[in-house]
Each structure stands twice: as C-alpha cells, then as structure tokens.
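Chains as they are written, first to last, in my numbering: chain L, 1384 to 1550; chain G, 3 to 243.
Right under this line is the structure:
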C-alpha cells in the first residue's frame, strides 16, 4: 500500500525536490527523507484537502529543512550574476521543464529557495523571512535577483534553441 | 508595468511545473522501505565492547596510585593485616617483630579476634624464646629491625635472602599475630586509613597466596602500589631489593 502510494506520487514529488536541489542526487535524498516522513506521519493526515497537496506540503517542508541544514555551506553569490535584464517579451513555448530546472539549479542556494517558496509555492515574503530566518527585505531582493538571472538565462537558452532550430 | 511583467513571468514558470513529472531512480523505493521497516536488533558485540571497556576502566583504576587520604575508621582488629606483605625477604623480617610483640599476655587477645580466617599456629618454644629476646617494636617498618632479628636467630643465615622455613611461618601467621599485638600497643584507632588499607584488607581475606592479587604500601596516607599478581601481569616493587 505504501509502495503504491509512492509509485503514484513520487514522479511529481521528484520535480518538487529538483527545484530545491542542486542536482538529481540531492533531490532524491530529499525525496527519500520526505517519503519516510510521510509514511511515519500518515496518521496525522486529517483527510481535509487533497491528499496529494498534503504530500507536497511535507515534501516542500523537507526540502526547506534540508536547505537550512546545509545553510552553513551556502555559497556567496557573485555580484555580477545579479543585474537586471531589459525586459522583453518571453516566448516560453519551446522552453522545456528540464531546461528550466537546469537554470534554477544553477542559481545560488539562497536565491533558489526564495524563488521556489515565493513564485512556485506562493509563500509571502513575511513567511519566507520567518521560515529562513532572514529579513523581509532580504527575501525581496533575493527574489528580484533570482528573477533577473532566470530571465537572462532563459533568453540565452531561447537564443541557442532558436539557432539550433534555424540551423 | 514592470510589476505586471514579473507576474506574467512567474505565472509562466508555474505553468511549466504544473503536472510535471520525473522518474526517480529505480532503487530509491528500496532505500525508503528499508528505513521504514524496523531494523534487526544489534547483535552481541556491543555488549562485549561495553564489558571490555568496563574491565579496562577497572584495571586502570587499580593501576593508578590511590590518591585519597580519606580515613575510614573501623575499630576492627583485623585492620592491622595491612602489615602483611607477600614478599619473602620482607616478611621474614617482619615475623619476628610481630612475634616479639606477642608476649604471653597477648595470647588470649588472639583468641577473641573474631574475623580471623587464617589457620592459627601455636607459638613454638623457640619462637617464644626469640620473642622474649626481642626489643619492643615501635615502628611497623620492619627493615630497620632486621640486623637484630637476624642475629638472634641462631640457625638462620644472617642474609636478607631469608631461608624458606622462616618464610613459611611468616606466611602463615602474620594476620593473626599482628592483629592482637600491634593494635593495642601503638595505635589505638589505626583503622583503615585509606583506600590502600581497604584494598589490602579485602584482598587478604580473599587471596591467601603468598603473592597477592594486589597489594598497597600504606605506611603514609598516600598508598602506593607494592605488588600485583594477576597471572600474566606480575609487578613487585619490593622484590627488587
């Protein structure tokens, strides 16, 4: 029964973990920790709301916890990475999820976690600040830098893709 | 305007991850189920290791010179048994001293000593004679007395490497004589003064061999280790003499 639940939900949860991790190995470590927690705490699930939503929540919390544990090794972000890109229109149609993951995983750990929590999970800056033990201002500035880097990287990638397709 | 673009950008990213899936490594489930099922109990080695550690700790404790000067006052007469030393050369010297203290008046005190385990040996005539000739001992450090003692023993070689015969006597009776003799004469409440005394007392009761399991010199308040005999470990300070 446990295995069936795992088989059914793990592929989506791995994507969640991939967003928070640097690579697939780290993501699978978090995935494993998350499922162990899920099966240990499965009694706590009250049946309110979607079961998958509950699993996702546990998984996100596990990923954030893992980030916080690794915080001491967090790398300092080179300043040249963080500049604003002139805004242009985006064509995301050709951008694959895998490519996007690669770009996200290249982000500095601090940027990546704020990006995930704010943009994908929908936390407020206040919640992020409380969870990560940083100021709201830091959360905001990290988010805007993360966004800027992502835009730049995606544009670069689109250019490469375009060149490949054209050639 | 910038704000709107950010919102649109964020939404586009969210859409990319909507319903996205990736297949985890095939063996990941095995790792999870392994951690979920209770592990088999650890086998014995842990307990063996604990036992080994305990033995090592006790051994170290015994080997370290005892530093405690706390005095435990027990009025029991058997306390004086700390004067018993296992080494022949020394014991021989001691015996006459003790014998000398055992004057005829002491004999009945010997009777009343309750904790004597060692077999009692009646004083032979010769020994009584010797005893009478001896000056009263005031110190339980026997080495000083040696020349006199040896000289009075007519048939005994005057060397410190004492004859076997005398050693045997020494071994058999010191616990007895010293009990009665030394106690009233010099130290009313000598008692077990330190840990060394206590260890010697206990060891004497248990270990009747000539070379005790462990012996401490307790003349001063700081006991020092005199000898050890645990089969493979043998150590004897006094045998060097």
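Every residue gets a Cβ at the ideal spot worked out from N, C-alpha and C, and that includes glycine. Model, not experiment: these values are computed from the prediction.
7 Å Cβ shell around residue i - same chain, five flanking residues per side excluded
i, result
"residue 1388/L", "none"
"residue 1437/L", "1428"
"residue 1421/L", "1438, 1441"
"residue 64/G", "216"
"residue 1431/L", "none"
Interface partners of residue i on chain G, CB under 8 Å
i, result
"residue 1422/L", "34, 38"
"residue 1389/L", "31, 34"
Chain G within 8 Å of residue i, Cβ atoms only
i, result
"residue 1415/L", "yes"
"residue 1427/L", "no"
"residue 1538/L", "no"
"residue 1419/L", "yes"
"residue 1386/L", "yes"
"residue 1443/L", "no"
"residue 1509/L", "no"
"residue 1452/L", "no"
"residue 1466/L", "Here the model assigns residue 1466/L a pLDDT of 49, short of 50, so the residue's position is not dependable, and the following value carries that caveat. No, residue 1466/L does not count as interfacial toward chain G."
"residue 1439/L", "no"
"residue 1477/L", "no"
"residue 1469/L", "Interpretation of residue 1469/L is limited by its pLDDT of 47, a score under 50 that renders its predicted location unreliable; the figure taken from the coordinates is listed afterwards. Judged by the 8 Å Cβ criterion, residue 1469/L is not in contact with chain G."
Nearest to residue i (by Cα), restricted to the options the options
i, options, result
"residue 197/G", "55/G, 34/G, 50/G, 66/G", "66/G"
"residue 18/G", "1395/L, 1384/L, 1478/L", "1478/L"
"residue 1405/L", "1448/L, 1532/L, 1488/L", "1488/L"
"residue 1520/L", "1502/L, 1539/L, 1501/L, 1509/L", "1509/L"
"residue 22/G", "1543/L, 1483/L, 1541/L, 1540/L", "1483/L"
"residue 1397/L", "1384/L, 1411/L, 1391/L", "1411/L"
"residue 1481/L", "212/G, 62/G, 12/G, 20/G", "20/G"
"residue 1386/L", "14/G, 16/G, 33/G", "33/G"
"residue 1504/L", "1414/L, 1394/L, 1440/L, 1392/L", "1440/L"
"residue 1517/L", "1494/L, 1409/L, 1414/L, 1431/L", "1494/L"
"residue 1384/L", "59/G, 31/G, 63/G", "31/G"
"residue 13/G", "1502/L, 1408/L, 1413/L, 1454/L", "1502/L"
"residue 1454/L", "1492/L, 1433/L, 1435/L", "1492/L"
CB contact check: residue i to chain L, cutoff 8 Å
i, result
"residue 28/G", "no"
"residue 18/G", "yes"
"residue 8/G", "yes"
Proximal chain L residues relative to residue i, where beta-carbon distance stays under 8 Å
i, result
"residue 15/G", "1483, 1502, 1503, 1533"
"residue 22/G", "1395, 1398, 1480"
Beta-carbon proximity list for residue i, same chain, < 6 Å, skipping 5 on both sides
i, result
"residue 1500/L", "1506, 1511"
"residue 1461/L", "At residue 1461/L the pLDDT is 47, less than 50, meaning the model places this residue with poor confidence and gives no usable figure here."
"residue 163/G", "Caution is warranted here: a pLDDT of 48 is assigned to residue 163/G, below 50, making its placement in the model unreliable, and the coordinate value is therefore given only provisionally. Nothing listed; no residue qualifies."
"residue 1498/L", "1529"
"residue 1416/L", "1445"
"residue 1401/L", "1410, 1484"
Residue i versus residue j - alpha carbon distance
i, j, result
"residue 1426/L", "residue 1527/L", "39 Å"
"residue 1403/L", "residue 1447/L", "8 Å"
"residue 1452/L", "residue 8/G", "30 Å"
"residue 1443/L", "residue 1423/L", "16 Å"
"residue 29/G", "residue 35/G", "10 Å"
"residue 1391/L", "residue 1486/L", "27 Å"
"residue 1476/L", "residue 39/G", "45 Å"
"residue 212/G", "residue 201/G", "16 Å"
"residue 1407/L", "residue 1540/L", "21 Å"
"residue 24/G", "residue 1395/L", "7 Å"
"residue 1450/L", "residue 1419/L", "18 Å"
Contacts of residue i in chain G (Cβ-Cβ under 7 Å)
i, result
"residue 1411/L", "26, 27, 30"
"residue 1495/L", "None at all; the shortest Cβ gap to chain G is about 13 Å."
Residue i: contacting residues in chain L (beta-carbon distance under 9 Å)
i, result
"residue 12/G", "1501, 1502, 1503, 1530"
heavy atom of the ligand ZN below 7 Å from residue i C-beta
i, result
"residue 1536/L", "This structure simply doesn't include the ligand ZN, nor any ligand for that matter."
Cβ-based neighbour list, residue i, same chain, cut-off 8 Å, excluding 5 preceding and 5 following
i, result
"residue 1413/L", "1400, 1403, 1404, 1442, 1445, 1446, 1449"
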